[in-house]
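Residue numbers (the numbering used here): 2 to 281.
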Amino acid sequence: MSIALVGALGYALGAALQQFEAVRDGATLKLVKSVRWWVGGAIGFTGACLHAVALSLAPLVAVQPVSVATLVFAVPLAAMMYGRRPHRAEILGSIAVAGGLLGLMLLVPHEASRPVLSDRGAFGFLACVGVIVLVCLVAARRAVGPAKALLHAVGAGAVTASVSTFVRVVGGGLEGDLANLLTWYSIAIPVLLCCAVVLLQKSYAVGYFGVAYAGVQVVDPITSVLAGAVLLGEPLPTEAGTAVPALIAAAVLVAGTVTLSRLSPDHHHAPAARAPAPVG
Numbered sequence: 002m003s004i005a006l007v008g009a010l011g012y013a014l015g016a017a018l019q020q021f022e023a024v025r026d027g028a029t030l031k032l033v034k035s036v037r038w039w040v041g042g043a044i045g046f047t048g049a050c051l052h053a054v055a056l057s058l059a060p061l062v063a064v065q066p067v068s069v070a071t072l073v074f075a076v077p078l079a080a081m082m083y084g085r086r087p088h089r090a091e092i093l094g095s096i097a098v099a100g101g102l103l104g105l106m107l108l109v110p111h112e113a114s115r116p117v118l119s120d121r122g123a124f125g126f127l128a129c130v131g132v133i134v135l136v137c138l139v140a141a142r143r144a145v146g147p148a149k150a151l152l153h154a155v156g157a158g159a160v161t162a163s164v165s166t167f168v169r170v171v172g173g174g175l176e177g178d179l180a181n182l183l184t185w186y187s188i189a190i191p192v193l194l195c196c197a198v199v200l201l202q203k204s205y206a207v208g209y210f211g212v213a214y215a216g217v218q219v220v221d222p223i224t225s226v227l228a229g230a231v232l233l234g235e236p237l238p239t240e241a242g243t244a245v246p247a248l249i250a251a252a253v254l255v256a257g258t259v260t261l262s263r264l265s266p267d268h269h270h271a272p273a274a275r276a277p278a279p280v281g
C-alpha cells in the first residue's frame with residue numbers, strides 16, 4: 002500500500018500543477034507549450050505508474066481507496082499554486098470527501114485473486130463508460146461553474162476507472178511472463194489514458210479544482226470497485242451490519258462534495274485596459 006500512497010501523492014501534485022496551467026490557458030493546445038504543464042504531467046504519470054505497480058500486486062478494492070486520501074493534500078497544493086492559503090471550506094470539504102469515500106471503500110472485503118476478464122465483459126464495460134462520457138459531455142455544454150467542472154470530472158473518472166481495471170487485469174495476470182502483456186488490453190490502456198487526460202484538462206480549466214479533483218477521486222474508485230465485483234468476481238460486503246456505516250459514509254461524502262462545489266473559482270482576471278482618452 003505504500004507504493005500506492007506515494008503514487009497517489011505524485012498524482013495529486015501533478016494535478017495541481019496542470020490545473021493551474023489549464024485555468025490560465027484553457028483546455029487548448031496552448032497547454033503543450035507550457036513547461037509547468039509538462040512537469041505536472043511527468044509527475045502525475047510517475048504517480049500513475051506507481052499506482053499501476055500497486056494494482057498488479059493487489060486487488061482493485063484494496064488499492065483504489067489509498068488514492069482517495071490524497072484529496073486532503075491536493076486541494077492545499079492547488080491553493081499554494083495561486084499564492085494563497087486554502088480556505089477552511091476547502092479543507093473541510095476535502096476531508097469529508099476523503100473520509101466518506103475511504104469509509105465506503107474500507108467496507109469492501111479485500112481478497113487477492115488472479116483477475117480474469119472476458120472480451121465480452123471488457124467491451125460491455127467500455128460501452129457503459131462511453132455512454133457515461135457522452136452524457137456528461139452533452140450536459141456539460143449547457144452547464145456552468147462547478148456543475149460543468151463536475152460533469153467533465155465524472156466522465157474523466159469513468160474513463161480512469163476503465164484504465165485501472167485494465168491495468169489490474171494485465172498486471173495481475175502477468176505472473177512473471179512478459180508475453181502476457183501481448184493483449185489488446187495493453188493497447189487500450191494508453192488510448193483510454195489519453196481520453197482521461199483530455200477530460201481532466203476540461204474539468205480543471207473551469208477553475209474549480211476542489212470539486213473537479215474530488216469528482217474524479219469519487220467516480221474512479223467506486224466505478225473500479227463495481228467493475229472488480231461485476232467483471233472480475235472481487236467480493237463486496239454482504240452483511241447487514243455494513244449497511245448503516247456505508248450510508249453514513251455516503252452522506253459525509255455527498256456533504257463534502259457539495260461544500261467543495263460552493264467555492265469560488267480559481268481564475269486570474271487581467272485588469273481591464275483603460276479606454277484611450279479622447280483627443281482634443
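The beta-carbon is built from N, C-alpha and C at its ideal position, and this holds for glycine as well.
| Item | Value |
| --- | --- |
| Residue closest to V198, alpha-carbon to alpha-carbon, out of G41, F74, V76, D120 | G41 |
| Three-state secondary structure assigned by DSSP to Y12 | helix |
| Rounded straight-line distance, which links the Cα of T260 to that of A189 | 36 Å |
| CB of S187 within 8 Å of CB of V171, strictly | yes |
| Inter-residue Cα distance where the pair is I223 and C129 | 14 Å |
| Limits of the alpha helix (DSSP H) - the one that Y214 falls within | 210-231 |
| W185 burial status per 10 Å Cβ neighbour count (16 or more: buried) | exposed |
| Under 8 Å between C-beta atoms of A162 and A228 | yes |
| Beta-carbon proximity check, A79 vs A154, cutoff 8 Å | no |
| Alpha-carbon spacing of I249 relative to L102, whole angstroms | 10 Å |
| Residue from M81, S35, A144, F167 with nearest C-alpha to E123 | Contrary to the premise, residue 123 reads as Ala rather than Glu in this sequence. Selected option, being the one with the closest Cα: F167. |
| Whether V253 touches G94 by CB criterion (8 Å) | no |
| Where H88 sits in the DSSP three-state scheme | coil |
| Under 8 Å between C-beta atoms of L58 and G8 | no |
| Buried or exposed by the 16-neighbour rule on C-beta atoms within 10 Å, applied to A43 | exposed |
| A251 and L105 closer than 8 Å at C-beta | yes |
| Buried/exposed call for G45, threshold 16 Cβ in 10 Å | buried |
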